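Residue numbers (the numbering used here): 277 to 948.
Here it is as structure tokens:
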């Protein structure tokens, strides 16, 4: 295993470097007509296997447009999906391959060699350029902060390339009219809109969809619009004609989804005041509180004050309307609950180590956190492996700063510290923080057990208030609860209750002072007493034959209920269930493509039927977007399959257990 630790010095992100190996990078040569998509090969010389390459470059944006970095049919073709990257800013770009994926760390390598093709820059030549040679130059730095680095050898030695050789794209004369330029396809409500620029005079412009001609426009037209075809992927091709000759075809594609109005943007809750911005002029705007209609506003409104705002947690939803369509709705939470919870663990009596999970309920993006865990150090020793501590958690992107050890900031207790994004020049923040969500697993901290088997008592693992923080919006979030976890060694003679469930009591979702929560369970033995806790506080001691409990006047928020049984002087392992009293109207489980509340093979089949036959219509595109990349592709059912059969992928917020709204800013919708 190799670990890349990143540090910040003078505002520059610098990797630890060991100049033990050499690497040279060379960009190749390619040619094409105006409007054509070409591939520029990237070569490297390296004596040991290559694990990572981050290669900045400069180009002429008025001549070529970088589209992607591909490893298909190259020496790096074994890299998994998602391992390639390309970012562009002005006349600079950075491309390469990385084992750090949003789902964890993938292990692959490119064999050593001379002039090894490690990928191809996919470029589009602009349609309006004249014949010329455009230089593409590898550089040492991108955006002034991201260095050119490669990772070589089994020990993960990181170094800078020591030689750089530029490449070029030669623009050839067009073999006919120049194609139209700057083609954009987009869906707006129930219509598909195409826009483009004219690079010379044409007689006609032919438009095809899926290989079938659908329109012939006058040569002076610059746009086209049609009612949306069937759901799914639609590919449009434009061919310009003049004097009996045709240009090369130019294509664009759009994923046709359920028509909806655009959402408002930048929704914020501040006490009783809501504010947002409008991307277009709407016909009207509706505000909901806790799923119930609260107000109807003019389509130009961008603020609202709730005259009856509650003091407890409430979720507001803003829905825009235009052209007979409504938006999915954007959500924000007022007076919400932030919390951390150490999970309970039942370990074998002779276990040499225990791994303790930590869960977080967060209402806004978290840029970093610090967990200080109070333990009995005469009984347990921290395993200081920070990478393993976040494996199989929602921290799917490797944080810029990650440390796990004792005595950080003089706390004198095991501390896990995480900062997701110390330098972010690319405005790619959605993958560089913890997304808001309910009871997301953020850590798995392992401790060696010092006690001899047979003499082990239960142990409590608690989060210390001094030093445990969640950072959101540049300040510490108000933690409403921090719940202890218990480790039980071996089985208790008292069996725990089974099938613990929590829900709203029939016909009594909310009482005069709060919610009414009904707990039910099945007793697996003859008990003397049953203890019920809510967020770590004892709320009831019941008779041993009780199998339900009604918790009345519960304030709005999120709660972990625990039920523990007692018999013959022995205590059962606690059963627990999580419940949120607030739920947005567009809550969903990621990967639940068919919206039946379960994630199984039926969801995979539903996605495939939509993608390739158009015979299934998703009511919640966000749920079908299994890998949360903002697009519906074959990668989504593959991701779901991997999740179902233990492939180690991490289902991103809202996850696969507790329905919630989508925190990711994308064009996908989710309707009730």
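The beta-carbon is built from N, C-alpha and C at its ideal position, and this holds for glycine as well. Owing to the predicted nature of the structure, the values given are computational and were not obtained by experimental measurement.
Pairwise C-alpha distance: residue 411 and residue 879: By 1-based counting over the chain shown, the position of residue 879 is 603. By 1-based counting over the chain shown, the position of residue 411 is 135. Approximately 47 Å, taken between the alpha carbons.
If you draw a straight line from the alpha carbon of residue 940 to that of residue 625, how long is it in whole angstroms? Counted from its first residue, the chain shown places residue 940 at position 664. Counted from its first residue, the chain shown places residue 625 at position 349. If you take the alpha carbons of residue 940 and residue 625, they lie about 43 Å apart.
Identify every run of the beta strand (DSSP E) within the region 711-775, keeping only runs that are complete inside it and at least 3 residues long; order them along the chain. 713-725, 735-739, 745-748, 755-759 and 761-765
In the DSSP assignment, the beta strand (DSSP E) including residue 446 goes from what residue to what residue? Counting from one through the chain shown, the residue named residue 446 turns up at place 170. Residues 443-447.
Please work out which residues of its chain come closer than 6 Å, Cβ to Cβ, to residue 392, disregarding the five sequence neighbours upstream and downstream, and give them in chain order. Translated into positions along the chain shown, residue 392 becomes position 116. The residues are 320 and 351.
Using three-state DSSP, classify residue 598 as helix, strand or coil. As a working mapping, residue 598 is identified with position 322 in the chain shown. In the structure shown, residue 598 sits in a strand (DSSP, three-state: E or B).
Helix, strand or coil for residue 436? Go by DSSP, reduced to three states. Counting from one through the chain shown, the residue named residue 436 turns up at place 160. Note: residue 436 maps to coil in three-state DSSP.
Once you ignore the five residues that flank residue 834 on each side, which residues in its own chain have a CB closer than 6 Å to its CB? Taking the first residue of the chain shown as 1, we reach residue 834 at position 558. Excluding sequence neighbours, residue 834 sits near 613, 637 and 856.
In angstroms, rounded to a whole number, what distance separates the CA positions of residue 847 and residue 424? Counting from 1 along the chain shown, the entry for residue 847 is found at position 571. Counting from 1 along the chain shown, the entry for residue 424 is found at position 148. Approximately 58 Å, taken between the alpha carbons.
Using a Cβ-Cβ cutoff of less than 8 Å, which residues in the same chain neighbour residue 601 once the five nearest sequence positions on both sides are dropped? In the chain shown, residue 601 corresponds to position 325, counting from 1. Closer than 8 Å at the Cβ level, and outside the excluded window around residue 601, lie 465, 466, 535, 536 and 537.
Excluding the 5 residues preceding and the 5 following residue 563 in the sequence, name in chain order all residues of the same chain whose CB lies nearer than 6 Å to its CB. Counting from one through the chain shown, the residue named residue 563 turns up at place 287. Hits under 6 Å: 570, 571, 580 and 594.
Beta-carbon contacts of residue 616 that lie in its chain and below 6 Å, excluding the five residues immediately before and after: As a first step, residue 616 must be located in the chain shown, where it is residue number 340. So the list reads 636, 739 and 758, once near-sequence residues are dropped.
Cβ neighbours of residue 633 in the same chain (closer than 6 Å, five flanking residues each side left out): Numbered from 1 along the chain shown, position 357 holds the residue referred to as residue 633. Once the five neighbours on either side are set aside, the close Cβ partners of residue 633 are 619, 717 and 720.
Specify the secondary structure class of residue 877 as computed by DSSP and reduced to three states. The sequence position of residue 877 within the chain shown is 601, counting from 1. Helix at residue 877.
Are the CB atoms of residue 796 and residue 824 nearer to each other than 7 Å? Stepping through the chain shown from its first residue, residue 796 is reached at position 520. Stepping through the chain shown from its first residue, residue 824 is reached at position 548. In this structure, residue 824 lies closer than 7 Å to residue 796 by Cβ.
Measuring only the C-alpha atoms, how far is residue 896 from residue 885? Numbered from its first residue, the chain shown carries residue 896 at position 620. Numbered from its first residue, the chain shown carries residue 885 at position 609. In a straight line, the C-alpha of residue 896 is about 15 Å away from that of residue 885.
Give a yes or no on contact between the region 304-318 and the region 384-391, applying the rule of three or more CB pairs nearer than 8 Å. no
Closest by CA to residue 815, which one among 832, 804, 803 and 836? The residue you call residue 815 lines up with position 539 of the chain shown. Among 832, 804, 803 and 836, the Cα nearest to that of residue 815 is on 836.
How would you label residue 671, buried or exposed, when you count the other beta carbons within 10 angstroms and need 16 or more for buried? Counted from its first residue, the chain shown places residue 671 at position 395. With 16 or more other Cβ atoms within 10 Å, it is buried.
Reduced DSSP category for residue 559 - H, G, I as helix; E, B as strand; rest coil: Translated into positions along the chain shown, residue 559 becomes position 283. Here residue 559 sits in coil by DSSP.
Distance, residue 917 Cα to residue 798 Cα: Within the chain shown, the letter at position 522 stands for residue 798. Within the chain shown, the letter at position 641 stands for residue 917. Their backbone Cα atoms lie some 33 Å apart in a straight line.
Where does the unbroken alpha helix (DSSP H) through residue 916 begin, and where does it stop? Here residue 916 refers to the residue found at position 640 when the chain shown is read from its first residue. From DSSP, the alpha helix (DSSP H) with residue 916 extends over 911-920.
Rounded to a whole number of angstroms, what is the C-alpha to C-alpha distance between residue 829 and residue 792? For the purposes of this step, residue 829 is taken as residue 553 along the chain shown, with counting starting at 1. For the purposes of this step, residue 792 is taken as residue 516 along the chain shown, with counting starting at 1. Cα-Cα distance, rounded: 6 Å.
Shortest alpha-carbon distance to residue 729 belongs to which of 744, 750 and 766? Sequence index remark: in the chain shown, residue 729 carries index 453 (1-based). Comparing Cα positions, the closest option is 766.
For residue 338 and residue 409, which I take to be in contact (beta-carbon distance under 8 Å), what is that distance rounded to the nearest angstrom? Locating residue 338 in the chain shown gives position 62, counting from the first residue. Locating residue 409 in the chain shown gives position 133, counting from the first residue. Contact flag wrong, Cβ pair sits at about 14 Å.
For residue 623 and residue 764, I'd like the C-alpha separation in whole angstroms. Taking the first residue of the chain shown as 1, we reach residue 623 at position 347. Taking the first residue of the chain shown as 1, we reach residue 764 at position 488. Computed Cα separation, rounded: 6 Å.
Can you tell which of 727, 773, 547 and 736 has the C-alpha that lies nearest to the C-alpha of residue 803? Residue 803 sits at position 527 when you count from the first residue of the chain shown. If we check each option's Cα against that of residue 803, 773 comes out closest.
For residue 481, count neighbouring Cβ atoms within 10 angstroms of its own Cβ and tell me buried if that reaches 16, exposed if not. For the purposes of this step, residue 481 is identified with residue 205 of the chain shown, where counting begins at 1. By the neighbour-count rule (16 or more Cβ atoms within 10 Å), residue 481 is buried.
Residues sharing a beta bridge with residue 306, DSSP: By one-based count along the chain shown, residue 306 stands at place 30. 445, per the DSSP bridge assignment.
With DSSP as the reference, label residue 524 as helix, strand or coil. Taking the first residue of the chain shown as 1, we reach residue 524 at position 248. Residue state, collapsed to three classes: coil.
For the beta strand (DSSP E) that contains residue 663, what are its first and last residues? On the chain shown, position 387 is the one that residue 663 refers to. Segment 662-666 is the alpha helix (DSSP H) holding residue 663; no beta strand (DSSP E) there.
Measuring alpha carbon to alpha carbon, tell me which of 746, 353, 490 and 557 ends up nearest residue 326. Locating residue 326 in the chain shown gives position 50, where the first residue counts as 1. The shortest Cα separation from residue 326 among 746, 353, 490 and 557 belongs to 353.
Report the start-end ranges of each beta strand (DSSP E) in the region 477-555 that is 3 residues or longer and not cut off at the edges. 480-485, 488-494, 499-503, 508-518, 526-532, 541-546 and 549-553
In whole angstroms, what is the alpha-carbon distance linking residue 910 and residue 926? Stepping through the chain shown from its first residue, residue 910 is reached at position 634. Stepping through the chain shown from its first residue, residue 926 is reached at position 650. Each residue's Cα considered, the two are about 17 Å apart.
Compute the beta-carbon to beta-carbon distance between residue 367 and residue 335, rounded to the nearest angstrom, for a pair I have assumed lies under 8 Å. Along the chain shown, one-based indexing puts residue 367 at 91. Along the chain shown, one-based indexing puts residue 335 at 59. The pair is a contact, with the Cβ atoms about 6 Å apart (cut-off 8 Å).
Got a sec? Which residues, its chain only, sit under 6 Å from residue 573 by beta carbon, not counting five neighbours each side? Mapped onto the chain shown, residue 573 falls at position 297. Result list for residue 573: 561, in chain order.
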